[in-house]
C-alpha cells in the first residue's frame, strides 16, 4: 500500500523540490492522523455511553485528558475534504495548521504552513488530500496510528532517498536503526539521542519493548536536534506513534555546544553514525 501511495504522491509533485514537498505530504498525513483520533473520541462522547456519559464532544479538556489533540470544527478532515477542489485550498490548510497549533500548545511551532505557496498547484494539493483520505479507513485509533505511522515512516525514507546526501540529516535507514536498538536492548530506563533527526531511534526503541512483551511506560526518551525543520518532523513522527516528545528539544547550537540535557543520567545513549563515534 505504501509503495502505491508514494508513487501517486510523487506523480502529483510535478516541479516541486523533494526537500519542500516532504513537508506538504507529511503535514497532510499528520493532519489526517490527529483528525482520525479526534473523530473517534468525538463519536464516543456524542454517543454518551459508559465512561463517556455526560461528556461534551466540543470540550477540549475531554481530549487533553486522553492525550488526543483537539481539532476545531471547521478544520477537521471531513471539512478539509469538502474544500479540496477549491482554488484557495492551500490557504485553508495553512489556516487549519495555525488553528490546531493554537488549540494544542505542545504543537506550537511544529506544523508546516507551506500549502499556499505559489509553486504548489491547488489541483495537485486537492489530489493529495484525496489520496491521504484513503489511508487507514476504519474507526480504531490503534489501527489508524499504526497504519499512518508506517506510511509516515516509509515516506520519510523515500524523501531521504530523493534528497540524496542531504536526506541523511533527518533519516537513518531502518536497518541501521533496528541494529543499534537491538544491540542496546533498551527494555527500561532513559533513552537519549543527542542528534535525533526525525526520531527514528525513539520509535524503534518503543517497538523493541513491545516486541519483547515489555511495558512502554518503562522507558522515557530524551533527545536534541539542531535543525529546526528536522525537529518538527520528529515531533510529528513521535506524535503519530503516541510517544511523549516533551523532552525532545531543539536548539540551533547542537548538543556539543549547548546540551539541553546536561544533568541527564541516561541509561542508553544512541545516535546515528558518524555522530556516535567517540
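Numbering (this note's numbering), first residue to last: 38 to 315.
Every residue gets a Cβ at the ideal spot worked out from N, C-alpha and C, and that includes glycine.
- Taking a contact as a CB-CB distance under 8 Å, the pair residue 63 and residue 270 counts as one, their CB atoms being some 7 Å apart.
- Three or more Cβ pairs drawn from the segment 263-281 and the segment 141-159 lie within less than 8 Å of each other, which places the two stretches in contact.
- Uninterrupted beta strand (DSSP E) stretches at least 3 residues long and entirely within the segment 275-308 occur at 285-287, given in chain order.
- Leaving aside the five residues that flank residue 158 on each side, the residues in its chain whose CB is nearer than 7 Å to its CB run, in chain order, 51.
- One alpha carbon belongs to residue 66, the other to residue 246, and they sit about 26 Å apart.
- Taking a contact to require three or more Cβ pairs closer than 8 Å, the segment 95-113 and the segment 69-83 qualify as touching.
- Contact check for residue 72 against residue 105 fails: the beta carbons are separated by 7 Å or more.
- Using a 10 angstroms sphere on the CB of residue 282, the tally of other CB atoms reaches 16 or more, which defines it as buried.
- DSSP links residue 228 through a beta bridge to 258 and 305.
- Counting along the chain, residue 60 sits inside the alpha helix (DSSP H) bounded by residues 55-84.
- By the neighbour-count criterion, in which a residue is buried when 16 or more other Cβ atoms sit within 10 angstroms of its Cβ, residue 141 is buried.
- Judged by DSSP in its simplified three-state form, residue 208 adopts coil rather than helix or strand.
- For residue 309, the number of other beta carbons within 10 angstroms of its own is at least 16, and it is reported as buried.
- For residue 234, there is no enclosing alpha helix (DSSP H), as DSSP gives it neither H nor E.
- The segment 299-309 makes contact with the segment 218-232, as at least three CB pairs between them are under 8 Å.
- Per the coordinates, the alpha-carbon of residue 53 lies some 23 Å from the alpha-carbon of residue 135.
- By the neighbour-count criterion, in which a residue is buried when 16 or more other Cβ atoms sit within 10 angstroms of its Cβ, residue 60 is buried.
- The three-state secondary structure of residue 95, taken from DSSP, is coil.
- A straight line joining the alpha-carbon of residue 163 with that of residue 260 spans about 35 Å.
- If you ignore the 5 residues before and after residue 131, its C-beta comes within less than 8 Å of the C-beta of 150, 151, 152 and 153, all in its own chain and listed in chain order.
- Per DSSP, reduced to three states, the secondary structure at residue 39 is helical.
- Between residue 213 and residue 239, the beta carbon gap of about 15 Å keeps them out of contact (Cβ cut-off 8 Å).
- The beta carbon of residue 168 sits closer than 8 Å to those of 42, 45, 46 and 49, all from its chain and outside the five residues before and after it, given in chain order.
- Rounded to whole angstroms, the separation of the alpha carbons of residue 248 and residue 138 is 33 Å.
- Residues 234, 264 and 267 of the same chain have their beta carbon placed closer than 8 Å to that of residue 206, with the five preceding and five following residues left out of the count.
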